[in-house]
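Asks: These protein sequence lines are chains A and B, in that order.
Under this note's numbering, the first residue of the first sequence carries the number 36, and numbering increases by one thereafter.
Under this note's numbering, the first residue of the second sequence carries the number 36, and numbering increases by one thereafter.
Number of protein chains: 2
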Amino acid sequence: MSAAPGRVPDGPRGRTGAEPRRGALDGPSDVASAGQHTGRRPGEGDTRGAILEAACDEFAAHGFDRATIRGIAAAAGVDPALVLHYFGCKAQLFGDAISFPVEPAAVVRRSAAAGIDGIGAAVVRSFLEGWEEGQNRRRLVALLRSAMTNDVALARVRDYLGRRIFGPVTRELALPDGELRATLVGSQLIGLAMLRYVTGSEPLASASQDDLVEAIGPGVQRYLTGDLGAAAPGGEERAGRS
Amino acid sequence: MSAAPGRVPDGPRGRTGAEPRRGALDGPSDVASAGQHTGRRPGEGDTRGAILEAACDEFAAHGFDRATIRGIAAAAGVDPALVLHYFGCKAQLFGDAISFPVEPAAVVRRSAAAGIDGIGAAVVRSFLEGWEEGQNRRRLVALLRSAMTNDVALARVRDYLGRRIFGPVTRELALPDGELRATLVGSQLIGLAMLRYVTGSEPLASASQDDLVEAIGPGVQRYLTGDLGAAAPGGEERAGRS
DNA sequence: CGGTTAATTCAACGGCCGTTGAGTCGACCA
DNA sequence: TGGTCGACTCAACGGCCGTTGAATTAACCG
């Protein structure tokens, strides 16, 4: 493009939160909340679970920094203070909402069953199923969104990659250049997740799992067991940063 | 590190204890700034350029939302108001700081010179050189970081991919399934950028360009000109979500 | 049926942020 | 030499945010 850098992001502080919907009486100083009367609610409802649901959605939609406790509380239909009553602080809430069952060796267990020639396809399929199973997708999108601007979320993504992708893969196949191979696989899978789940780039976003396994599996297979050229012969790379 | 879901990101915005209230009417009320005296500075310095530099760094380090005008001003050694004096608002500043020379067809021009069999390697090399040339790396990291939580930055990433990767590639090679091929290439390249430049995953982050071209080029080549299986035969693409 | 405990809201505090308007000072031109 | 204009800072406003402590109400247990 030329030199017309004009407009870029977002309004001053604008965000379309949930509606305030204040009740009858007026005059609370800060903001209006649910409008319910005070005290414990009758009946049983899983309020805590509702908060976790709402938090997961908000974090997935906006990332850690931009998601607000007030917004989460509004989405869950409760007062913001209740959120902190249950979870202590925003960071703790993030941790509880985003935590998901990591089955560390699931990828590689399938791979072993698939045999050495099918391991690329098995890794891709396992990755896709992991993302699209249950609540994982929302949680992982939230994690990926937050990781870009939040150090601890980034550390958690690293942990996810290391524990769920790199570790099992390099351990199972005791090949030379295991770490390089693992990060190459990781780069393809993370890129796939970004375009398919976060940005929703279109032919990729609605392709079937089968088609993706067919399209991407061979490349992953090559990263795992193929010839990578003279890359990382073992001796002379990584003068890198600290 | 950090096994339990317990502690997660960011320092609490919490109290620091002392400093009960601001004084009567002397002393700067908001925060202390550079301490320079008021009025125009003697000599000539490229203050505007310094602000742009600082903004680029801050946006790259924290993303759009978390970077602050006050922080940028402090890094540039000026008053926050001067930043707005030059750029109007934060969004405009982001646009000016992040804008970079897009040479739209650079990727494909090299590719044409490389011949059909070397196009994968040429695309990868061109991508790496584009990222590592001049200020592009900081700017692109800033863009990628911001894109996760900012719609306009995301749109700009989409534009970058479409204009610089997908568009040229699909136009040059008039192959069937051009869009699928282009997004597959994009997924590999974006994933590579994430791990190499944003998270700094280690064997990948300090590998040489040559090694990466050798390692990744063939996969990209296959996405561009190879057989992708039964993927996207043209008729029946998934009813999909949403 | 009284007392304890947990769930829930209310009201507010202090902090950082983007933005603004008014003022001060140096460079430059006639 | 005086005036204009742009560079630059100061001080503040209003807003949203995370967090807190006290008050209120329902469930639960003996």
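Glycine included, C-beta positions come from ideal geometry on N, C-alpha and C.
Quick caveat: nothing in here was measured; it's all calculated off a predicted structure.
Tell me whether residue 210 (chain A) is buried or exposed, calling it buried when 16 or more other Cβ atoms sit within 10 Å of its Cβ.
Replies: Here residue 210 (chain A) refers to the residue found at position 175 when the first sequence is read from its first residue. It counts as exposed.
Asks: Specify the secondary structure class of residue 91 (chain A) as computed by DSSP and reduced to three states.
Replies: Taking the first sequence and counting its residues from 1, one reaches residue 91 (chain A) at position 56. It is helical.
Asks: Would you report the Cα separation of residue 227 (chain B) and residue 193 (chain B), rounded to the nearest angstrom?
Replies: Your numbering for residue 227 (chain B) matches position 192 in the second sequence. Your numbering for residue 193 (chain B) matches position 158 in the second sequence. The straight-line gap from Cα to Cα measures roughly 16 Å.
Asks: Of the residues A:121, A:234, A:213, A:127, which one's Cα is nearest the Cα of residue 237 (chain B)?
Replies: On the second sequence, position 202 is the one that residue 237 (chain B) refers to. Comparing Cα-Cα distances from residue 237 (chain B) to each of A:121, A:234, A:213, A:127, the minimum goes to A:213.
Asks: Using Cβ-Cβ distances below 7 Å, what residues of the stretch 80-102 of chain A are close to chain B?
Replies: So the list reads 97, 98, 99, 100, 101, given in the order they occur along the chain.
Asks: Does the count of Cβ pairs from the stretch 116-126 of chain A and the stretch 113-120 of chain B closer than 8 Å reach three?
Replies: no
Asks: Kindly list, in the order they appear in chain A, the residues whose Cβ is closer than 7 Å to that of residue 254 (chain B).
Replies: Residue numbering aside, residue 254 (chain B) sits at position 219 when the second sequence is read from its first letter. Correct list: 254, 257.
Asks: If you follow the alpha helix (DSSP H) that residue 185 (chain A) is part of, which residue opens it and which one closes it?
Replies: Position 150 of the first sequence, counting from 1, holds the residue named residue 185 (chain A). Taken as a continuous stretch (DSSP letters only), residue 185 (chain A) belongs to no alpha helix (DSSP H), as it is neither H nor E.
Asks: So what's residue 261 (chain B) in DSSP terms, helix, strand or just coil?
Replies: As a working mapping, residue 261 (chain B) is identified with position 226 in the second sequence. Residue 261 (chain B) falls in the coil class under three-state DSSP.
Asks: Please tell me whether residue 322 (chain A) has its Cβ less than 8 Å away from any Cβ of chain B.
Replies: Because residue 322 (chain A) is not part of the residues shown, which for chain A are 36 to 277, the question remains open.
Asks: Terminal residues of the continuous alpha helix (DSSP H) containing residue 127 (chain A)?
Replies: Sequence index remark: in the first sequence, residue 127 (chain A) carries index 92 (1-based). Residues 125-133.
Asks: Report the start-end ranges of each alpha helix (DSSP H) in the stretch 162-230 of chain A that is 4 residues or longer and not cut off at the edges.
Replies: List check, alpha helix (DSSP H) in window: 171-182, 186-195, 202-207, 213-228.
Asks: In chain B, which residues lie with their C-beta within 7 Å of the C-beta of residue 238 (chain A)?
Replies: Along the first sequence, read from residue 1 onward, the residue named residue 238 (chain A) stands at position 203. Simply 214, 215, 218, 267.
Asks: Pick from A:74, A:76, A:126: whose alpha carbon is nearest that of residue 87 (chain A)?
Replies: By one-based count along the first sequence, residue 87 (chain A) stands at place 52. It is A:126 whose Cα lies nearest to the Cα of residue 87 (chain A).
Asks: Ordered along the chain, which non-local residues of its own chain (more than five positions away) have a Cβ less than 8 Å from that of residue 13 (chain B)?
Replies: Since the displayed chain B opens at 36 and closes at 277, residue 13 (chain B) lies outside it and no answer follows.
Asks: Which residue wins for smallest C-alpha separation from residue 208 (chain A), given the options A:152, A:105, A:132?
Replies: Here the question's residue 208 (chain A) lines up with position 173 in the first sequence. Nearest option by C-alpha distance: A:152.
Asks: From this set, B:158, B:83, B:240, which residue's C-alpha is nearest residue 128 (chain B)'s C-alpha?
Replies: Translated into positions along the second sequence, residue 128 (chain B) becomes position 93. Residue B:83 is the option with its Cα nearest to residue 128 (chain B).
Asks: Throw me the rounded Cβ distance for the residue 124 (chain A) and residue 177 (chain A) pair, which I believe falls under 8 Å.
Replies: Taking the first residue of the first sequence as 1, we reach residue 124 (chain A) at position 89. Taking the first residue of the first sequence as 1, we reach residue 177 (chain A) at position 142. Between residue 124 (chain A) and residue 177 (chain A), the beta carbon gap of about 17 Å keeps them out of contact (Cβ cut-off 8 Å).
Asks: What is the C-beta distance between residue 158 (chain B) and residue 233 (chain B), in whole angstroms, given that I count them as a contact (C-beta under 8 Å)?
Replies: The sequence position of residue 158 (chain B) within the second sequence is 123, counting from 1. The sequence position of residue 233 (chain B) within the second sequence is 198, counting from 1. Wrong, their Cβ atoms sit about 20 Å apart, outside the cutoff.
Asks: If you run the structure through DSSP and keep just helix, strand and coil, what is residue 72 (chain A)?
Replies: Along the first sequence, one-based indexing puts residue 72 (chain A) at 37. Note: residue 72 (chain A) maps to coil in three-state DSSP.
Asks: Taking C-beta pairs closer than 7 Å, name the residues in chain A that residue 225 (chain B) reaches, listed in chain order.
Replies: Position 190 of the second sequence holds residue 225 (chain B). What residue 225 (chain B) touches in chain A: 226, 229, 230.
Asks: Nearest-angstrom Cα distance between residue 105 (chain B) and residue 95 (chain B)?
Replies: Within the second sequence, the letter at position 70 stands for residue 105 (chain B). Within the second sequence, the letter at position 60 stands for residue 95 (chain B). The alpha-carbon atoms of residue 105 (chain B) and residue 95 (chain B) are separated by roughly 16 Å.
Asks: In whole angstroms, give me the CA-to-CA distance for residue 215 (chain B) and residue 261 (chain B).
Replies: By 1-based counting over the second sequence, the position of residue 215 (chain B) is 180. By 1-based counting over the second sequence, the position of residue 261 (chain B) is 226. Distance between the alpha carbons of residue 215 (chain B) and residue 261 (chain B) is about 12 Å.
Asks: Would you kindly work out how many angstroms separate the C-alpha atoms of residue 164 (chain B) and residue 112 (chain A), rounded to a whole number?
Replies: Position 129 of the second sequence holds residue 164 (chain B). Position 77 of the first sequence holds residue 112 (chain A). If you draw a straight line from the Cα of residue 164 (chain B) to the Cα of residue 112 (chain A), it comes to about 51 Å.
Asks: Closest to residue 201 (chain A) by CA distance: which of A:240, A:181, A:100, A:224 is it?
Replies: Mapped onto the first sequence, residue 201 (chain A) falls at position 166. Taking only the C-alpha atoms, the option nearest residue 201 (chain A) is A:224.
Asks: Would you mind sorting residue 259 (chain B) into buried or exposed? The rule is 16 or more other CB atoms within 10 Å of its CB.
Replies: The sequence position of residue 259 (chain B) within the second sequence is 224, counting from 1. So residue 259 (chain B) counts as buried.
Asks: Show which residues of chain B have a CB atom less than 8 Å away from the CB atom of residue 210 (chain A).
Replies: As a first step, residue 210 (chain A) must be located in the first sequence, where it is residue number 175. Within 8 Å of the CB of residue 210 (chain A), no CB atom of chain B is found; the nearest one sits about 13 Å away.
Asks: Would you say residue 263 (chain B) faces chain A, with C-beta separation under 8 Å as the test?
Replies: Here residue 263 (chain B) refers to the residue found at position 228 when the second sequence is read from its first residue. By this cut-off, residue 263 (chain B) is an interface position.
Asks: Comparing alpha-carbon positions, which option in A:78, A:257, A:196 lies nearest residue 154 (chain A)?
Replies: Here residue 154 (chain A) refers to the residue found at position 119 when the first sequence is read from its first residue. For residue 154 (chain A), the nearest C-alpha among the options comes from A:257.
Asks: Quick check on the burial criterion: 16 or more other C-beta atoms within 10 angstroms. Buried or exposed for residue 79 (chain A)?
Replies: Mapped onto the first sequence, residue 79 (chain A) falls at position 44. With fewer than 16 other CB atoms across the displayed protein chains lying within 10 angstroms of its CB, residue 79 (chain A) is exposed.
Asks: Check whether the Cβ of residue 234 (chain B) lies closer than 8 Å to any Cβ atom in chain A.
Replies: The residue you call residue 234 (chain B) lines up with position 199 of the second sequence. Yes, its Cβ sits closer than 8 Å to a Cβ of chain A.
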